[in-house]
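For reference, the structure discussed in these notes is given below.
Number of protein chains: 2
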Amino acid sequence: MKQVSIIGVGLIGGSFALDLKHFIPEVHITGIDQNETHLTEAISLGIVDQIGSMNSLKTADLVVLAIPVNAALKILPQVLNLISDQAVVIDMGSTKEAICKAVSTHPRRAQFLATHPIAGTEFSGPSAAINGLFKNKTNIICEVEKTLPNLGESVLSVFKTMGMHLRFMAAKDHDKHIAYVSHLSHISSFMLGKTVIEKEKNERNIFDMAGSGFESTVRLAKSSPDMWTPIFEQNKDNVIETLTEYIQNLNQFKAFMEKDDFEAVHNEMKNTNYIKQILKGIA
Amino acid sequence: MKQVSIIGVGLIGGSFALDLKHFIPEVHITGIDQNETHLTEAISLGIVDQIGSMNSLKTADLVVLAIPVNAALKILPQVLNLISDQAVVIDMGSTKEAICKAVSTHPRRAQFLATHPIAGTEFSGPSAAINGLFKNKTNIICEVEKTLPNLGESVLSVFKTMGMHLRFMAAKDHDKHIAYVSHLSHISSFMLGKTVIEKEKNERNIFDMAGSGFESTVRLAKSSPDMWTPIFEQNKDNVIETLTEYIQNLNQFKAFMEKDDFEAVHNEMKNTNYIKQILKGIA
């Protein structure tokens, strides 16, 4: 794995490039991005060695798609058309069913591996790239059986070298579960931010009253709308299901309060404290 | 301020004691708590010098209430009855209207100062006490005009020494705004945790899929129900108002998704990104 092309040199693509350079010193990385400023930044930050074009994909051993999931959906078939017979393409998006479906009948389907490293921050762009971002993070691999074993293995071995824990899952299951443990969190956070801003926008100094608890729950509301809108679009049904259940739970909590049933309010919280046990497992 | 009694030697009371000892080395701190294990812990952690009783309040210069807000409401009038004419009592609860009202006609109202340091973590008990917890944190002081100036000043000067930024506010305004920037966050977090646990409880390994984003948004769901139930009870009307608006915003987001109006979904997030500017102001 010497020639790598990274399409999308932002937080995820950039961090992956930094780790590649760390673990495979002889690697040569070509960066492709619609955003020219990001490309220049990625060069000056030492994230990529060279600015590339779709044409440069022909000589790559590995092509990494680290772009919004709608863009990945469009570009993946073209990328597969361009690469050599020995190359492998991976994507790193937060939805897996749509992209697997988009190439299910592509003649080069076996040169693609669908991955989702559960890593990131609320920031974006090459300046947000971090060394070691993927260490001890879960990477969910979908439809591994559809990828040529030698190509799949070569990529998985890189992931393992970077310290990722691999999980294998059907694309459909990935999308269903990730709606709960990731996509819903983003909406709850965005709408919390919205609710508070709407109420308090004319009283900016009120935010002096906000502490680290508020900061923690609205952190994800800093996330990129360009990245998240297509995720919600592609995972629409699952996300709507989680939102419906979340709203039901909030309505029930509110109803307990309205009825002055604070024993029920206490129970709701006590039962949910179980999350402590669960969070212990998260790095 | 040499003799201090702290009622409730948990995270807040304990951290306040640690700071007192740091900034006023000659201080002698007596701890009072219903929980005997906490008292023993507080002694062995060096948080308090001695275990006290209600009787020991008679010789205190300062009495600090750092207990759940329902307990504070009950005990404050008794504490005021017991203290000397030179002593001052403060509470540190997350609701201010009820406690101010509870002592509004008490003959010793002027010996009480209502405070709310916006500081804490999701943990509790004396072992959660932290040195310097209050540094650079906002402390909201309510009805300062009802406290004897010399007593109020002596307490405020201690707060300032600990590095707190003081804000003065009517109790009613405090409760209204804090519902948005603190109480609502806790409910959104608890209900997020509940929604995910309900769905995924039989698939514990799914939580491998949860990343730091989920961890951040559900962090507050680890909070103590004993502390939070009376807060929601005392601030019921304001909290219900924030919950109603939050649920409306979530329903609208869901409706945009159902109508495939992803431009609106994008706009919702883009407008809320404004939270970045606001969060910059939070330590």
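Quick mapping for you: the protein sequence lines, in order, are chains A and B. So the first sequence is numbered by the numbering used here: it starts at 6 and just counts up by one. So the second sequence is numbered by the numbering used here: it starts at 6 and just counts up by one. We put the beta carbon where it would ideally sit given N, CA and C, even for glycine.
Which of helix, strand or coil DSSP assigns to residue i
{"i": "Ala269 (chain A)", "result": "helix"}
{"i": "Gln39 (chain B)", "result": "coil"}
{"i": "Ala119 (chain B)", "result": "strand"}
{"i": "Ser162 (chain A)", "result": "helix"}
{"i": "Phe139 (chain B)", "result": "coil"}
{"i": "Arg113 (chain A)", "result": "coil"}
{"i": "Leu153 (chain A)", "result": "coil"}
{"i": "Gln55 (chain A)", "result": "strand"}
{"i": "Val14 (chain B)", "result": "coil"}
{"i": "Asn278 (chain A)", "result": "coil"}
{"i": "Gly19 (chain A)", "result": "helix"}
{"i": "Phe173 (chain A)", "result": "strand"}
{"i": "Gln253 (chain B)", "result": "helix"}
{"i": "Val223 (chain A)", "result": "helix"}
{"i": "Gln239 (chain A)", "result": "helix"}
{"i": "Asp96 (chain A)", "result": "strand"}
{"i": "Ala83 (chain B)", "result": "The displayed chain sequence assigns Gln, not Ala, to residue 83 (chain B). Helix at Gln83 (chain B)."}
{"i": "Val32 (chain A)", "result": "coil"}
{"i": "Val186 (chain B)", "result": "helix"}
{"i": "Leu50 (chain A)", "result": "coil"}
{"i": "Asp24 (chain A)", "result": "helix"}
Whole-angstrom C-beta distance between residue j and residue i, which should lie under 8 Å
{"i": "Thr152 (chain B)", "j": "Phe117 (chain B)", "result": "7 Å"}
{"i": "Ile192 (chain A)", "j": "Phe212 (chain B)", "result": "Actually they are not in contact, since the Cβ atoms of Ile192 (chain A) and Phe212 (chain B) sit about 19 Å apart, beyond 8 Å."}
{"i": "Glu46 (chain B)", "j": "Ser187 (chain B)", "result": "No, Glu46 (chain B) and Ser187 (chain B) are not in contact; Cβ-Cβ is about 27 Å, not under 8 Å."}
{"i": "Glu250 (chain A)", "j": "Lys204 (chain B)", "result": "7 Å"}
{"i": "Leu248 (chain A)", "j": "Thr222 (chain A)", "result": "Wrong, their Cβ atoms sit about 17 Å apart, outside the cutoff."}
Option nearest residue i by Cα separation, candidates the options
{"i": "Thr64 (chain A)", "options": "A:Ile29, A:Ala133, A:Leu87, A:Ile183", "result": "A:Leu87"}
{"i": "Phe237 (chain A)", "options": "B:Met274, B:Glu246, B:Ser228", "result": "B:Met274"}
{"i": "Gly232 (chain B)", "options": "B:Tyr279, B:Glu203, B:His179, B:Glu127", "result": "According to the sequence displayed, residue 232 (chain B) carries Met and not Gly. Closest option to Met232 (chain B), Cα to Cα, is B:Glu127."}
{"i": "Glu246 (chain B)", "options": "B:Phe139, B:Ile146, B:Lys177, B:Tyr185", "result": "B:Tyr185"}
{"i": "His170 (chain A)", "options": "A:Asp266, A:Phe139, A:Asp178, A:Lys177", "result": "A:Phe139"}
{"i": "Ile29 (chain B)", "options": "B:Gln55, B:Ile37, B:Ser89, B:Ser162", "result": "B:Ser162"}
{"i": "Lys7 (chain B)", "options": "B:Val160, B:Ala260, B:Thr120, B:Gly168", "result": "B:Val160"}
{"i": "Leu25 (chain A)", "options": "A:Asp38, A:Lys165, A:Gly130, A:Asn60", "result": "A:Lys165"}
{"i": "Pro122 (chain A)", "options": "A:Ile183, A:Lys206, A:Lys264, A:Lys285", "result": "A:Ile183"}
Cβ pair residue i, residue j closer than 8 Å
{"i": "Leu85 (chain B)", "j": "Val108 (chain B)", "result": "yes"}
{"i": "Asp66 (chain A)", "j": "Val14 (chain A)", "result": "no"}
{"i": "Gly125 (chain B)", "j": "Leu16 (chain B)", "result": "yes"}
{"i": "Leu189 (chain B)", "j": "Thr143 (chain A)", "result": "no"}
{"i": "Cys105 (chain A)", "j": "Glu148 (chain A)", "result": "yes"}
{"i": "Pro230 (chain B)", "j": "His271 (chain A)", "result": "yes"}
{"i": "Asn40 (chain B)", "j": "Pro235 (chain B)", "result": "no"}
{"i": "Ile80 (chain B)", "j": "Ile12 (chain B)", "result": "yes"}
{"i": "Val244 (chain A)", "j": "Met262 (chain B)", "result": "yes"}
{"i": "Ile52 (chain B)", "j": "Ala134 (chain B)", "result": "yes"}
{"i": "Leu255 (chain B)", "j": "Ile252 (chain A)", "result": "yes"}
{"i": "Ile37 (chain B)", "j": "Ser20 (chain B)", "result": "no"}
{"i": "Met167 (chain B)", "j": "Ile145 (chain B)", "result": "no"}
{"i": "Asn278 (chain A)", "j": "Lys206 (chain B)", "result": "no"}
Residue i beta carbon near the ligand COA (any heavy atom closer than 7 Å)
{"i": "Ser194 (chain B)", "result": "You won't find the ligand COA in this model; it holds no ligand whatsoever."}
In the segment 218-237 of chain B, which residues sit with their C-beta less than 9 Å from some C-beta in chain A, listed in chain order?
-> Gly218, Phe219, Glu220, Ser221, Thr222, Val223, Arg224, Leu225, Ala226, Lys227, Ser228, Ser229, Pro230, Asp231, Trp233, Thr234, Pro235, Phe237
Under 9 Å (Cβ pairs) to chain A, residues found in the segment 82-108 of chain B | none
Pull out every residue of the segment 175-188 of chain A whose Cβ sits closer than 7 Å to any Cβ of chain B, in chain order.
-> Taking a C-beta cut-off of 7 Å against chain B, the contacting residues of the segment 175-188 of chain A are His182, Ile183, Tyr185, Val186, Ser187, listed in chain order.
Relative to chain B, which residues along the segment 8-26 of chain A have a C-beta separation below 9 Å, given in chain order?
-> none
Quick one: which residues of the segment 241-258 of chain A get their C-beta closer than 8 Å to a C-beta of chain B? List them in chain order.
-> Lys241, Val244, Ile245, Thr247, Leu248, Thr249, Glu250, Tyr251, Ile252, Asn254, Leu255, Asn256, Phe258
Chain A contacts made by the segment 265-281 of chain B, where a contact means CB separation under 9 Å | Asp265, Phe267, Glu268, Val270, His271, Asn272, Glu273, Met274, Lys275, Asn276, Thr277, Asn278, Tyr279, Ile280, Lys281
When Cβ atoms are compared, which residues of the segment 186-205 of chain B fall closer than 9 Å to chain A?
-> Val186, Ser187, Leu189, Ser190, His191, Ile192, Ser193, Ser194, Phe195, Met196, Leu197, Gly198, Lys199, Thr200, Val201, Ile202, Glu203, Lys204, Glu205
Taking any Cβ of chain A, which residues in the segment 144-162 of chain B have a Cβ under 9 Å from it, in chain order?
-> Ile145
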